[in-house]
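Q: The structure's right below; bear with me while I get my questions together.
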């Protein structure tokens, strides 16, 4: 399915600032859908064709009477279903094109710059549906308004009944928000995008008057305040004062709390009392140029924050374990290095030095994981350190500096450790036995999806012996590489002569999805 950005760029005359405004609207219009108990569809005017542009002055097809051109119809660029009521549209309509005149209320809202509610319910689908349209306005820096699109609000009336106080409050609040959209006051310009975990309408809703007093409290909102320690009724109380009394009896009052709880600004905050944590989000209601009140969405996030703290504690513990493992490995490497210096047998000394390098490559992975917030690491950093370590060891003999071409990217730690060890073995093998002048590690993520990693280590040295067979090779290093690649990484390993001279080793490793 095409995205909102794709549809706007390809089919409309809206500019980048208009698109940003529509993204802000769509990121937060679940609020309007839930308060309305209705589906929302965002219709943008199609780009005028060349023929329409040429006929603009004669037939008016490309103009709306306000100096803005649009084509012979509308395209649906976004859709939202309510979580508070039945949907009208079970299928997605994004990308649908309708001709001008086919949806009378959309044309009227666009041409007359007003919310359209006239008309009887539509029974064409077998279900009574009330249609309304809301023009979407963006206020320009000079104070002028620019209309971008039209919201079609469709309410399924099949379950209509005498509305409760909650439903009446929802509908009145939806009406105020719709008017703010038409006036260019919602979404709130300059604000950060609303987080996915922000309170929703069903979590709890308070409606405040202009003075910050509660005129309506939903049952969920009242329950959240009961858990904070409230014993009186919320309706009629000044929300900022009540909340401050509950949460800040012995310490300075959080200034953000008073701003949010009074509904003076579109902000979020959290309050805590008696072990209960409640999230508040304020939506000022500004209609006709003046603030008429506010909505405050309430959500009890006590359990969510408790789980987050547990995860943070576990994460810190895991990182500390990685740090200690790295320290222990470095101690083992130091002991092996000390033992190697005392050996008089060259073969024994060389074997211990190889063991030191192997332990060191594992320590590098654990050191990286000790700084990573998750069990994923930027393997480019690990690879560069492994390559540098190999180059330092070979400096006295061949003075070859290995190079990396391409990027590994972020890899899970389960892949990082065996891959680092395999890379260490291949580099050391090339430097010790190939005596190359050039040594490169070439990395490629295979498309599509980048779900396979190909790593090629090549050199221009002596090459593999004639008749070389990996299956019958007695090299400990190659046996280790083969075990790591084929056994632990479920990959494929191939070794052969490089065209021209030298050796080429290729690893093909599958990566987990996502």
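Numbering (the working numbering), first residue to last: 13 to 526. We put the beta carbon where it would ideally sit given N, CA and C, even for glycine.
(1) Can you tell me whether DSSP reads residue 506 as helix, strand or coil?
(2) Assuming residue 23 contacts residue 59 (C-beta within less than 8 Å), just tell me the rounded distance between them.
(3) Can you tell me where the beta strand (DSSP E) holding residue 252 begins and where it ends?
(4) Apart from the five residues on each side of it in sequence, which residues of its chain come closer than 6 Å, Cβ to Cβ, to residue 152?
(5) Going by DSSP, name the residue or residues bridged to residue 465.
(6) Does the distance from the C-beta atom of residue 275 to that of residue 224 stay below 8 Å?
(7) Pick from 134, 150, 96, 161: whose alpha carbon is nearest that of residue 120?
(8) Roughly how far, in whole angstroms, is the beta-carbon of residue 341 from the beta-carbon of residue 375, given that I think they are within contact range, below 8 Å?
(9) Where are the alpha helix (DSSP H) runs, 4 residues long or more, that stay fully inside the region 149 to 237, in chain order?
(10) Kindly provide the ranges of any alpha helix (DSSP H) runs that are 4 or more residues long and lie completely inside the region 19 to 65, ordered along the chain.
(11) Any idea if residue 44 is buried or exposed, counting beta-carbon neighbours within 10 angstroms, 16 or more meaning buried?
(12) Among residues of its own chain, excluding the 5 on either side of residue 355, which ones have a beta-carbon nearer than 8 Å to its beta-carbon?
(13) So, with DSSP's three-state summary, where would you put residue 492?
(14) Helix, strand or coil, according to DSSP, for residue 358 in the structure here?
(15) Beta-carbon within less than 8 Å of residue 79's beta-carbon, same chain only, minus the 5 sequence neighbours each way: which residues are those?
(16) Alpha carbon to alpha carbon, how far is residue 388 from residue 496? Give it in angstroms, no decimals.
(17) Helix, strand or coil: how does DSSP classify residue 391 here?
(18) Under 7 Å Cβ to Cβ from residue 168, same chain only, skipping five residues before and after it: list those, please.
(19) Out of 240, 35, 352, 321, point me to the one whose CA is closest to residue 200's CA.
(20) Would you check if the distance between the CB atom of residue 19 and the CB atom of residue 89 is smaller than 8 Å?
(21) So, helix, strand or coil for residue 135, using DSSP?
(22) In angstroms, rounded to a whole number, what distance separates the CA positions of residue 464 and residue 221?
(23) Just verifying my parser: in three-state terms, what is the DSSP assignment at residue 126?
(24) Would you mind reading off the limits of the alpha helix (DSSP H) that contains residue 424?
(25) In the structure shown, what three-state DSSP assignment does residue 342 receive?
(26) How far does the alpha helix (DSSP H) with residue 270 in it reach, from first residue to last?
(27) So which of 393, 351, 398 has the shortest CA-CA distance to residue 373?
(28) CA-CA distance, residue 147 and residue 163?
(29) Can you tell me whether DSSP reads residue 336 as helix, strand or coil?
(30) Quick check: what's the CA-CA separation for residue 26 versus residue 40?
(31) Quick check: residue 309 and residue 211, are their CB atoms within less than 8 Å of each other?
(32) Check residue 311 in the structure and name its three-state DSSP category.
(33) Can you tell me whether DSSP reads residue 68 as helix, strand or coil?
(34) Return the chain-ordered list of same chain residues with a C-beta closer than 7 Å to the C-beta of residue 514, the five sequence neighbours on each side being excluded.
(35) Return the CA-CA distance between residue 512 and residue 413, expressed in angstroms with no decimal places.
(36) State buried or exposed for residue 192, treating a residue as buried only when at least 16 other CB atoms are found within 10 Å of its CB.
A: Short version:
(1) DSSP places residue 506 in strand when its eight states are reduced to three.
(2) Between the beta-carbon of residue 23 and that of residue 59 there is about 6 Å, and that keeps the pair under the 8 Å contact cut.
(3) Note, residue 252: premise wrong, no beta strand (DSSP E); alpha helix (DSSP H) at 251 to 259.
(4) 158
(5) 457, 521
(6) yes
(7) Ranking 134, 150, 96, 161 by Cα distance to residue 120 puts 161 first.
(8) 4 Å
(9) 177 to 195
(10) 28 to 40, 42 to 48
(11) buried
(12) 361, 364
(13) helix
(14) helix
(15) Note that residue 79 has pLDDT 48, beneath the 50 cutoff, so the model's placement of it is unreliable and the number below is only indicative. Answer for residue 79: no residue qualifies.
(16) 19 Å
(17) helix
(18) In the same chain as residue 168, and ignoring 5 residues on each side of it, the C-beta atoms closer than 7 Å to its own belong to 97, 98, 99, 100, 139, 141, in chain order.
(19) 35
(20) yes
(21) coil
(22) 59 Å
(23) Look at residue 126 here: in three-state DSSP terms it is coil, with no helix or strand label.
(24) Premise fails: residue 424 lies in the beta strand (DSSP E), 422 to 424, not in any alpha helix (DSSP H).
(25) helix
(26) 267 to 273
(27) 398
(28) Whole-angstrom Cα-Cα distance: 6 Å.
(29) helix
(30) 20 Å
(31) One thing to note: residue 309 has its Cβ within 8 Å of the Cβ of residue 211.
(32) Of the three classes helix, strand and coil, the one that applies to residue 311 here is strand, per DSSP.
(33) Confidence at residue 68 is low in this model, with a pLDDT of 44, below 50, so the placement of that residue is unreliable and no value is reported for it.
(34) 446, 448, 470, 471, 472, 473, 475
(35) 20 Å
(36) buried
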